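In the working numbering, the protein residues as written are 6 to 368. Just so it is clear, CB atoms sit at the ideal spot from N, CA and C, and this is done for glycine as well. As the structure is a prediction and not an experimental result, all values here were calculated from the model.
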């Protein structure tokens with residue numbers, strides 16, 4: 006591949022630099038498998054050593070690029086394996102194991118990705134469903150509570166009006182009673198006075214009409230007295246009629262207003278009854294819906310808790326699935342390429358790239 010060609014070119018250039026310079030950088034990087042130490046001991050003189058060195062460098066470079074501690078450790082194990090009795094088999098085994106491990110992790114990650122996608126999708130759908138259900142129930146509760154509160158206010162107003170109506174009816178009844186008592190007394194007084202005047206007129210008329218009255222001189226004044234009494238009789242009779250008519254009108258008005266008040270009272274009492282029942286029903290409904298909402302809210306809380314856990318496992322990571330997928334692919338490709346180098350490349354191909362010549366010159 007293009008990237009591998011660039012890598013091999015970089016290796017050749019690095020070898021040249023190492024051949025011309027000294028220092029401890031190689032031992033820091035490769036430990037016991039320092040390139041200079043290997044070259045000094047003529048351990049790169051064989052074809053297997055050359056390929057092993059290339060594998061070490063490739064794996065180390067890939068570890069740096071991907072930031073993989075696992076590959077860094079693999080590079081160190083490969084470097085150590087260069088001193089084993091059968092380095093080729095040992096290194097090949099290390100690479101094969103790493104490839105198997107990476108493929109296993111990739112498979113597990115893909116399975117987890119499918120699981121996460123399914124769980125996140127279902128959990129978010131459940132969250133939306135339960136949230137909408139909770140909001141719908143909350144709306145029902147708010148409407149029922151608002152209507153119930155309005156009805157309670159109306160009932161309170163009606164009760165105040167009933168109280169005022171009862172008070173007005175009581176006051177009207179008391180006034181009517183006082184008016185009737187006054188009428189009875191005044192009527193009795195007028196009737197009694199009228200009877201007295203009639204009696205007096207009878208007495209006077211009989212006296213002045215008699216032939217044997219004692220003094221004739223007083224007969225001239227009789228007409229004045231009798232006339233005055235007749236005026237009083239007329240006034241008393243007129244007043245008696247007037248107060249009787251007033252009493253009759255007042256009684257009729259009182260009866261009519263009492264009936265009107267009774268009709269209004271009954272209507273308001275029915276209104277209080279119906280509104281009270283409706284308010285109680287709404288309160289019961291609100292209580293039941295509140296209980297239902299509590300159950301739905303508990304389900305929503307459980308969904309949110311689970312969703313938080315799933316998001317923590319599936320989303321809240323520094324590395325996304327796509328990034329992990331790309332890393333797995335890069336690590337797998339690198340390890341497979343390293344394994345291919347061990348299995349397929351020949352010494353002449355390495356010499357053509359200048360690797361073997363550089364090592365031999367240094368040796």
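Note that the region 156-175 touches the region 266-283; at least 3 beta-carbon pairs, one per stretch, sit closer than 8 Å. For residue 77, the uninterrupted alpha helix (DSSP H) run begins and ends at 74-86, by DSSP. A residue is called buried when at least 16 other Cβ atoms come within 10 angstroms of its Cβ; residue 135 meets this threshold and is buried. The residues 315, in chain order, have a CB closer than 6 Å to that of residue 124 in the same chain once the five nearest residues on each side in sequence are set aside. Between the region 186-199 and the region 232-244 there are three or more C-beta pairs closer than 8 Å, enough to call the two in contact.
By alpha-carbon distance to residue 319, the top candidate from 204, 187 and 119 is 119.
Nearest in C-alpha terms to residue 73, of all of 168, 273, 103 and 282, is 103. If the five residues before and after residue 281 are omitted, its C-beta is found closer than 6 Å to the C-beta atoms of 160, all from its own chain and listed in chain order. When the beta-carbon positions are compared, residue 166 and residue 275 stay at least 8 Å from each other. Distance between residue 305 and residue 312, taken at the CA atoms: about 10 Å. Apart from sequence neighbours up to five positions away, the residues of its chain that approach residue 129 with a beta-carbon distance below 8 Å are 312, ordered along the chain.
In the structure shown, residue 299 falls within a helical segment according to DSSP collapsed to helix, strand and coil. In the three-state reduction of the DSSP assignment, residue 320 falls in the coil class. Annotated as distal: residue 209 and residue 180, with beta-carbon spacing of 8 Å or more.
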